[in-house]
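Residue numbers (this note's numbering), protein chains in the order written: chain A, 9 to 147; chain B, 4 to 144.
See below for the structure under consideration.
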């Protein structure tokens, strides 16, 4: 029987929603106030859910410190206190919360799932208390 | 993890009053059956609406958040906020305004208002400690 384990992380970052090839008016039309060229920012929350069977020796689905280290290394330390648009991950795509979800998924899944023992079951990005973005299992 | 759809959730809050009362029962019978909930009372409901899709390759968005905010204002807030669910809406003449039924009514309204296949889940919380969820069935790959 699989058990799902979720850890929540936080980072503060700035972003601008715009495409360089679009005019300021077009960016404003598509992204509204999020297109402010000087940027704005959020306290992002990231919830990472790992699913797998409980190891009979350790009693764990995943070593929590290993997971924290992975997420800090690949996601939090990389994005915290940055303008997200400056990161190569967002050179080709706009740093919307949807694309941050994709980025987190891409960064974590290969290492997390490498030994076939567990699965990255869900990634949630909380941009504000009212706006949440996710992929993976529904519950 | 295969790259599945991305879901976007927007939360709103509305305040409404209600009572559990069946028209075919007396006040006393209603109170006997539904207890304190047969009396007029109210909640600050929190509603989370989740839509899903593939982020647009150009805009990076599943759906325009402002469009969703406006839709929830027009379809949900204007109908339910600062209203009585029984007296001011047509939905609870034949069914009780339980969280389950309120959620099903809102689900139907949103299914009709959103583009087909967009709605993924709604979650309705009458208070912090209780909630109901309605999840749309999807064919699983």
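The C-beta atom is built at its ideal place from N, Cα and C for all residues, glycine as well.
| Item | Value |
| --- | --- |
| Whole angstroms is fine: what's the gap from residue 34 of chain B's alpha carbon to residue 97 of chain B's? | 18 Å |
| Quick one, which residues of the segment 86-109 of chain A are near chain B if we go by CB-CB under 8 Å, in chain order? | 101, 102, 103, 104, 105, 106, 107 and 109 |
| Would you mind reading off the limits of the alpha helix (DSSP H) that contains residue 79 of chain A? | 72-79 |
| Any C-beta of chain B sitting closer than 8 Å to the C-beta of residue 142 of chain A? | yes |
| Output needed for residue 66 of chain B: all residues of its chain with C-beta closer than 6 Å, excluding positions within five of it in sequence on either side, in chain order. | 54 |
| Please go through the segment 82-137 of chain B and give each complete alpha helix (DSSP H) segment of 4 or more residues, from N-terminal end onward. | 102-116 |
| Could you name the residues that DSSP lists as bridge partners for residue 15 of chain B? | B:50 |
| Starting from residue 65 of chain B and walking both ways along the alpha helix (DSSP H), at which residues does that stretch end? | No alpha helix (DSSP H) holds residue 65 of chain B; DSSP gives it neither H nor E. |
| Over the uninterrupted beta strand (DSSP E) stretch that includes residue 142 of chain A, give me the two end residues. | 139-144 |
| Between the segment 62-82 of chain B and chain A, which residues of the former have a C-beta closer than 7 Å to a C-beta of the latter? | 62, 63, 64, 65, 68 and 69 |
| Ordered along the chain, which non-local residues of its own chain (more than five positions away) have a Cβ less than 6 Å from that of residue 148 of chain A? | Not covered by the structure: residue 148 of chain A. The range shown for chain A is 9 to 147. |
| Closest to residue 90 of chain A by C-alpha separation, out of A:19, A:11 and A:9, would be which residue? | A:19 |
| Express the C-alpha separation of residue 111 of chain A and residue 22 of chain A in angstroms, rounding to a whole number. | 16 Å |
| Between the beta-carbon of residue 52 of chain A and the beta-carbon of residue 135 of chain A, is there less than 8 Å? | yes |
| With DSSP run on the structure shown, which of helix, strand or coil describes residue 39 of chain A? | helix |
| So, is residue 14 of chain A buried or exposed, given that buried needs 16 or more other C-beta atoms within 10 angstroms? | exposed |
| In chain A, which residues lie less than 8 Å from residue 118 of chain B when you measure between Cβ atoms? | In chain order: nothing, as chain A lies at least about 17 Å away. |
| Go ahead and label residue 113 of chain A buried or exposed: buried means 16 or more other beta carbons lie within 10 angstroms of its beta carbon, across all protein chains shown. | buried |
| I want to see whether chain A comes within less than 8 Å of residue 10 of chain B, judged by CB atoms only; does it? | yes |
| Would you decide whether residue 128 of chain B is buried or exposed? Buried here means 16 or more other CB atoms lie within 10 Å of its CB. | buried |
| Kindly indicate which three-state DSSP category residue 107 of chain A falls into: helix, strand or coil? | helix |
| For chain A, find out if any of its Cβ atoms is closer than 8 Å to the Cβ of residue 13 of chain B; answer yes or no. | yes |
| Taking 8 Å as the threshold (beta carbon to beta carbon), is residue 146 of chain A in contact with chain B? | yes |
| Which stretch, first to last residue, makes up the beta strand (DSSP E) that contains residue 16 of chain A? | 10-23 |
| Could you work out which residue in A:40, A:50, A:117 and A:138 is closest to residue 58 of chain A when comparing CA atoms only? | A:117 |
| When we look at the beta-carbon of residue 114 of chain B and count the other beta-carbons within 10 Å, is it buried (16 or more) or exposed? | exposed |
| Suppose the cutoff is 7 Å on Cβ atoms and the five residues either side in sequence are ignored; what does the same chain contact list for residue 64 of chain B look like? | 58 |
| Could you give the C-beta distance for residue 16 of chain B and residue 49 of chain B, rounded to a whole number, given that I count them as a contact under 8 Å? | 5 Å |
| Excluding five sequence neighbours on each side, which residues of the same chain lie with their C-beta closer than 8 Å to the C-beta of residue 131 of chain A? | 54, 55, 56, 57, 109, 112, 113, 116, 142, 143 and 144 |
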